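Using the numbering used here, read the sequence shown as starting at 354 and increasing by one per residue. From the three backbone atoms N, C-alpha and C, an ideal C-beta is built for every residue, glycine too. Only a predicted model underlies this, so the values are computations on that prediction, with no experimental measurement involved. Worksheet for the structure shown next.
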Amino acid sequence: MYLSDSDGIHDLRWRTALAAMGWDVSLTVTDSQTPVIAGPITTTLVESLADYSNPIIGLSWGWDLHASEKCQSTQWLSTFSGLIVDSVPTMEIAIALGASPDSIAMIPWGIDLNKFTPIPRGEKVDLSILSLRAHEPLYRVDTILRAISHLQEKGIACSLTVGNDGTLTETLKRQVSDLALQHVEFVGRVREDELPALFGKHGCYVSAAETDGTSVTLLQAMAMEVPVVVSDSPGNIAWLKNIPEPTGRLFALGDSRNLELTLLEAVNFPEVTRNMVQHGREVVERYADWNQNIWRLDQLLASLLV
């Protein structure tokens, strides 16, 4: 069974992958022997499964374990038959909260490398910026808007495309008006098959999220060799810095001035930026190939049925 508090594109990816591996996928709990995959793991839905006799596999969404205010509600992690995490920082948090290391499968929320491929780019890096995170407090899109304001106040040419939506959409639009920002466009939710073309039109990908495990849109940008500038959350650091060569640039969480300076650094040092994006593609190929990574889930499920 696959249970989730949402029914979005990521849920569809997991269910499709399970079906492709030959598993029959149900959205309701039936017999007591069938494994249940459920997430995010800090939600009431998952906590309510504690009394079930089914093997329960927690599916961490990254932010759920990284959000420190949620941690006290996850002491029952030790009762899971298995736990899926997306990154080393997320795994470390899970272990600290009581999950058994032997029960954890690390499966990065990878991408389809055949769909997200590099496109030819010029020598320069431009400030046509793309944001794709949800319009919720967690993702701090307002930090990006303030950075755009700083740039435009100095007469620096830049533009911003704001994808996705959420409870803060109208607030963000008012902020654009209040700051008198130019060249900011809200495009709403974008289908996954439309994303490669959208990435190809932009010079930088930016995410200001306060917590992240493995951001799928970050991986997509890296795969297409789009320069990335993201907040210095542990999950982002794991993908950008905790490897021999950096794959992008980090800015201080919530600091729009630091974001502004980091964006200018990407523009002013184009050769360094090109080296970063090329290495980023290599890292994604090595660690974030969804079609390869998902088979770790098959092994985990099979072990529960022995």
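Less than 8 Å between the CB atoms is what I'm expecting for Ser481 and Ser502, so what's the real figure, rounded? Against the sequence shown, residue 481 aligns to sequence position 128. Against the sequence shown, residue 502 aligns to sequence position 149. The Cβ separation is near 16 Å, so there is no contact.
Buried or exposed (CB count within 10 angstroms, at least 16 for buried), Tyr492: Counted from its first residue, the sequence shown places residue 492 at position 139. Counting Cβ neighbours within 10 Å, Tyr492 comes out buried, since at least 16 surround it.
Take the Cβ of Glu422 as the centre, count every other Cβ of all protein chains shown within 10 Å, and call the residue buried at 16 or more, exposed below. Start at 1 with the first residue of the sequence shown, and residue 422 comes out as number 69. The pLDDT assigned to Glu422 is 46, lower than 50, so where the model puts this residue is not dependable; a value taken from the coordinates is nonetheless given after this. Exposed.
What is the rounded straight-line gap between the Cα of Glu598 and the Cα of Trp592? Working through the sequence shown from its first residue, we reach residue 598 at position 245. Working through the sequence shown from its first residue, we reach residue 592 at position 239. Taking the straight line from one Cα to the other gives about 10 Å.
Check whether the stretch 637-645 and the stretch 455-464 touch, using three or more Cβ-Cβ pairs below 8 Å as the test. Taking 8 Å as the limit for Cβ pairs, the verdict is that the stretch 455-464 does touch the stretch 637-645.
Those runs of the beta strand (DSSP E) which lie wholly inside the stretch 597-627 and span at least 3 residues: Complete beta strand (DSSP E) runs here, min 3: 602-604.
Considering Cα atoms alone, identify which of Leu548, Leu650, Glu523, Ala391 is closest to Val382. Here residue 382 refers to the residue found at position 29 when the sequence shown is read from its first residue. Minimum Cα distance to Val382 is reached at Ala391.
Taking the straight line between their C-alpha atoms, what separation do you get for Thr626 and Asp377? Along the sequence shown, read from residue 1 onward, the residue named residue 626 stands at position 273. Along the sequence shown, read from residue 1 onward, the residue named residue 377 stands at position 24. C-alpha separation (whole angstroms): 45 Å.
Determine which residues share a DSSP beta bridge with Leu412 and list them. One-based indexing of the sequence shown puts residue 412 at position 59. According to DSSP, which records beta bridges pairwise, Leu412 is partnered with Ile437.
I'd like the list of long-range same chain contacts for Val637, defined as Cβ closer than 6 Å, with 5 residues on each side in sequence excluded. Stepping through the sequence shown from its first residue, residue 637 is reached at position 284. So the list reads Leu572, Met575, Ala576, once near-sequence residues are dropped.
For the 8 Å Cβ check, are there 3 or more pairs between the stretch 607-619 and the stretch 644-658? Using a Cβ-Cβ distance cut-off of 8 Å, the stretch 607-619 and the stretch 644-658 are not in contact, since fewer than three pairs of beta carbons, one from each stretch, lie closer than that value.
According to the neighbour-count rule (16 or more other Cβ atoms, all chains shown, within 10 Å of its Cβ), is Ala373 buried or exposed? Taking the first residue of the sequence shown as position 1, residue 373 is located at position 20. Ala373 should be labelled exposed.
Sorted by chain position, which residues of the same chain lie with C-beta nearer than 6 Å to Glu578's C-beta, five sequence neighbours on each side aside? The residue labelled residue 578 in the question sits at position 225 within the sequence shown. Same-chain partners within the cutoff: Pro471, Val630, Arg634.
Hey, how far is the Cα of Asp479 from the Cα of Cys557? For this step, residue 479 is matched to residue 126 along the sequence shown. For this step, residue 557 is matched to residue 204 along the sequence shown. Roughly 7 Å separates the two Cα atoms.
Does DSSP put Asn646 in a helix, in a strand, or in coil? By 1-based counting over the sequence shown, the position of residue 646 is 293. If DSSP states are grouped into helix, strand and coil, Asn646 belongs with the helices.
Quick test of your reading: Glu563 and Ser586, contact by CB under 8 Å. State the CB separation rounded to the nearest angstrom. On the sequence shown, position 210 is the one that residue 563 refers to. On the sequence shown, position 233 is the one that residue 586 refers to. Contact between Glu563 and Ser586 is confirmed by a C-beta separation of about 7 Å, below the 8 Å threshold.
CA-CA distance, Leu603 and Ile590? Walking along the sequence shown from the start, residue 603 turns up at place 250. Walking along the sequence shown from the start, residue 590 turns up at place 237. C-alpha separation (whole angstroms): 8 Å.
Suppose only complete runs of 4+ residues qualify. What are the alpha helix (DSSP H) ranges in the stretch 357-404, listed by chain order? Look at the stretch 357-404 and you find these whole runs of alpha helix (DSSP H), each 4 residues long or longer: 362-373, 397-400.
Rank Lys554, Ala447, Asn517 by C-alpha distance to the C-alpha of Asp439 and give the top, closest one. As a working note, residue 439 is residue 86 in the sequence shown. Residue Ala447 is the option with its Cα nearest to Asp439.
Backbone secondary structure at Tyr640 - three-state DSSP: Sequence index remark: in the sequence shown, residue 640 carries index 287 (1-based). Looking at Tyr640 - three-state DSSP - the assignment turns out to be helix.
If you compare alpha carbons, which of Leu356, Pro454, Leu532, Gln652 is closest to Arg499? The residue given as residue 499 occupies position 146 in the sequence shown. Just measuring C-alpha positions, the residue of Leu356, Pro454, Leu532, Gln652 sitting nearest Arg499 is Leu532.
For a test of the three-state rule: what should DSSP assign to Glu422, helix, strand or coil? Position 69 of the sequence shown, counted from the start, is the residue given in the question as residue 422. In this prediction, Glu422 scores a pLDDT of 46, lower than 50, which makes its location untrustworthy; no coordinate-derived value is stated.
Ser484 to Ser560 span [Cα, whole Å]: Residue numbering aside, residue 484 sits at position 131 when the sequence shown is read from its first letter. Residue numbering aside, residue 560 sits at position 207 when the sequence shown is read from its first letter. Near 6 Å, if we compare the C-alpha coordinates of Ser560 and Ser484.
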